[in-house]
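Notes to accompany the following structure.
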Amino acid sequence: MSISKGAWIDTLEHLPSYASWSAGYGVIRHTEQTRRRVLELVAGRTGQSEAKAEEMFAILAAADRLASAGMWLVVHMTYANRVDLSGAPLQADDFKPDPQGHTGGALNIVPAYAGYLAANILTGTTRSWLMGQGHCVAAIEALNALVDNLSAEQRLRYAFGEEGLSQLARDFYSYAIHPDGTPGVPLGSHVNVHTAGGISEGGYLGFAEVQYAHMPLRGESLAVFLSDGAFEEQRGSDWSPRWWRASDSGAIMPIMVLNGRRIDQRTSIAQKGGTQWLLRHLELNGFDPFEIDGHDPAAYAWAIIDMEDRLTALQAKADDELDYPVRIPHAIAKCIKGFGFPGAGTNRAHNLPLEDNPRNDDAARDEFNQGAVRLFVPPGELDEVRRRFSCHQEQGRVREAHHPLAERNIDTPVLPTPSWNVDEKAMVSPMQAIDAYFVDMIDANPRLRVRVGNPDELSSNRMDATLARLKHRASNPEPGGSEAVDGAVITALNEEAVIGAALGNKAGLNLAVSYEAFAVKMLGALRQDILFARHQRQAGRDPRWLGVPLLLTSHTWENGKNEQSHQDPTLCEALLGEMSDTSRVLFPVDANSAVAALQEVYRSHGVIAALVVPKQPVPHCFGPDQAFAACRTGAAHLRTPSARPPVQLVAVGAYQLRESMRAARRLAERGCEALVTCIIEPGRLRMPRDELEARFVIPDAALAELFPADLPRVLVSHSRPEPLLGVLRRLDEGPRRLRALGYINRGGTLDVDGMLFANRCTWAHIALAAAEMSGGDVQDFLTENELNAVRSRGRSEDLYC
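Position one of the sequence shown corresponds to residue 7 (this note's numbering), numbered consecutively onward.
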């Protein structure tokens, strides 16, 4: 017989299991608000079954004990060489000579992650998780070890028991290293590829915030643990409600851990007014914020389930039935930094909460042991906790190590046949060719969710068809404009926020477009994903998300009209410094090579590729087959003399190739037939730095065919020449055999020819260098006026008469 909800809640309050849980455990206490919320949750999910209610309260009681044991293990990871599962006090020799750890933040994450694990059991669902504050990894590793949620590498070392948990404590900040220079243990200072379920290092604060809204697919759920310190970083996280749509987004449950402290100072939130100020701020930015007790795993479990329920209810409606932006639930978990252990709430809590090292100081050792005993969970109780948190097979769900976002495996997409440019006399914009092909890609792969990251000016950058097809995502579309509620172009004058859309959508088809100069702001986000993917490869687990192309256009050489702030090749130089098998940098030189380069990226998995692409029309260089070969090999000849040439002109970039071809024609007119070679992907030609990169670069025989030995060379680079010389060390036979031209930090309000002249990269500068390198008389190749111009004594106009 059914009874009223109020009567059922009254019944629940008298259950022994409720009394046991509500009494708390150790340092964990449950506020009246949390108890009320939990009663509402249990009442709504048990069908008035006392047995089911008893089970739910028992799970929450186990979560209290798990959180207590997790905090106990975290402080051991910071300070101790071993754990004692009997709870006996540790002695001086049991402590590390040099303790390390972001202990306060990790202690705060323990109840959060324990609540996430409990929420999964309460609903029989394995949600995904993401932690922005990756330096708090000790919390994740500790709880994973306690409940056997370990990666394959960790399972070999950290199996539950005194030996395995002691090994975990010893390995934390052990600085162990293998003979090949790789880390010697599957444990780091931040989330890494061995952290079970980890998908982002979280080393660059603020980037989880700008990605999470784009991560889960419809039908998936993502619990997100955020940092109040990172709130001061990339502010695009405030815009998550602008991007979330019921039609193509999964449930997102953001939870900010609000402890009010950075490393040695209060956060700006704390200084502005704390929780009440943040509540108002989030409301103004489209969230539906609420406060929970950040010390209590039950509060986290309730918040995760409640937020998910609210968003799932919205997903039952169509986009046109909803008033966007919908208010995204957002929990604020107010807590004391370092809660549960001595030093809580002080600046010391950030790293080492004790005033001294317990190994050397009696008072610190006593303080550690007294703090640890308050967190200790006896073996019998811990065994029961482990049993309750190991019910995955019974519930028919995967372990949290294998949550959906951690197991992305996207097949190579359909690559439609491009509409190649076959008119050798045509001048075509490479960006327009990419635009047309990308629309074909979208149509050929309808099951792939699309995200285009766009800081601004997508149309100006020649992506008109893409914009017409996808439209800007907007909550209130402008009538007759290129906006739509379900638009897939994520546009904001915030480079970090828009690259977050492309990097977060690892289940889909992505593209980002930016002015080259301003894309430098994306570097931290790009590098975090590049490093994580590269480490996965090193661990033998190749990432399976589709390659992400970043189009760097309106670039250094064609953006002269906008002053030197708009003329900056820094990003391609920086990305060439990363490992080239994962961080790819390509310089297509015409429409066909641009499309071939885009296909090359989408054919790959787990790579981020910067494509430096002209938007202005440029000459035809490659037929379809030649374009494919050049993109696969990394370079190709474009002018090959019948006999051995006296000099080789090597171009990296479209305008550099244009000038090299002009120089070659002048040289040929004066009896010097130069070999002209175009480098599309410098990373293919580099000296490999490890085994993975060695598999990626071309072999010596192929390199020798492209760059014959003992041949003087003039290298003309889109970038500054010095970084490129380092990358191309294999073909550098010394300064007497190789001269490098490129961007030398000169610019202003100039046109393309002016930029080339200012940076000494015109055809005449190339011809002069070639003549000097080949031992010829420069006056045989350049007129007096041309020589005066390149030697800064004449007019630049004389070079383009």
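Beta carbons are placed, not taken as given, at the ideal position from N, Cα and C, and that holds for glycine.
The structure presented is a predicted model; accordingly, all values stated were derived computationally and were not measured.
Contact between the region 711 to 719 and the region 758 to 766 is absent: fewer than 3 CB-CB pairs across the two stretches fall below 8 angstroms. Here the alpha carbon of Ala503 sits roughly 26 angstroms from the alpha carbon of Val601. Distance from the CA of Gly344 to the CA of Thr755, rounded to the nearest whole angstrom, comes to 54 angstroms. Contact between Leu747 and Val722 holds: CB atoms are separated by about 5 angstroms, below the 8 angstroms threshold. Per the C-alpha coordinates, the member of Gly659, Trp245, His184, His200 positioned closest to Gly212 is Trp245.
The C-alpha of Asn357 lies about 25 angstroms from the C-alpha of Thr188.
Around the beta carbon of Val379, fewer than 16 other beta carbons sit within 10 angstroms, so the residue counts as exposed. According to DSSP, residue pairing for Asn460 in a beta bridge involves Thr497. Rounded to the nearest whole angstrom, the CA to CA distance from His611 to Gly12 is 54 angstroms.
A straight line joining the alpha-carbon of Phe444 with that of Asp254 spans about 20 angstroms. Sequence-distant partners of Arg468 (beyond 5 residues in either direction) whose C-beta falls short of 7 angstroms from its own C-beta, in its chain, are Ser435, Met437, Gln438, Asp441, Lys621. Nearest Cα to Arg540 within the set Glu207, Cys142, Val428: Glu207. Within a 10 Å sphere around the beta-carbon of Arg224 sit fewer than 16 other beta-carbons, which makes this residue exposed. Sorting Ser798, Ala680, Ile205, Arg71 by C-alpha distance to the C-alpha of Ala407 places Ile205 at the top. Pro348 sits buried, since 16 or more C-beta atoms from the chains shown fall within 10 Å of its C-beta. When the alpha-carbon of Thr559 is set against those of Leu592, Gly170, Leu317, the nearest one is in Leu592. Here Ala498 is not near Pro555, since their CB atoms are 9 angstroms or more apart. Taking the Cα positions, Ala795 is about 6 angstroms away from Ser802. Counting only runs that start and end inside the region 467 to 531, the alpha helix (DSSP H) elements of at least 4 residues fall at 470 to 476, 501 to 510.
Between Ile338 and Met262 a beta carbon distance of about 5 angstroms is seen, short of the 8 angstroms cut, so the two are scored as contacting.
DSSP places His287 inside the alpha helix (DSSP H), whose first and last residues are 280 to 290. If you keep only unbroken beta strand (DSSP E) runs of at least 3 residues inside the region 349 to 421, you get nothing at all.
When C-beta atoms of the region 528 to 538 are compared with those of the region 482 to 499, fewer than three pairs fall below 8 angstroms, so the two segments do not count as touching. Three or more beta-carbon pairs drawn from the region 367 to 381 and the region 88 to 101 are found closer than 8 angstroms, and the two stretches are therefore classed as touching.
Taking a contact to require three or more Cβ pairs closer than 8 angstroms, the region 387 to 400 and the region 59 to 72 qualify as touching. As the crow flies, the alpha-carbon of Ala508 is around 6 angstroms from that of Val458.
Taking 8 angstroms as the upper bound for CB-CB distance, Gly553 and Val519 are not in contact here, some 15 angstroms apart.
In its own chain, leaving out the 5 sequence neighbours on each side, no residue places its CB closer than 7 angstroms to the CB of Glu711.
The region 638 to 714 is shown to contain whole beta strand (DSSP E) runs of 3 or more residues at 641 to 645, 654 to 658, 681 to 685, in chain order. Under DSSP, the beta-bridge partners assigned to Arg719 are Gln654, Leu744.
DSSP, reduced to helix, strand and coil, places Ala432 outside both helices and strands of the structure shown, so it counts as coil. Going by DSSP, Phe296 is part of the beta strand (DSSP E) stretching over 293 to 299. DSSP places Ser180 outside both helix and strand once states are collapsed to three, so it counts as coil.
For His771, the enclosing alpha helix (DSSP H) stretches over residues 769 to 780.
Contact fails between the region 313 to 330 and the region 83 to 91, because fewer than three Cβ pairs, one in each stretch, are under 8 angstroms apart.
Spanning the alpha carbons of Asn291 and Glu728 requires a straight line of approximately 45 angstroms.
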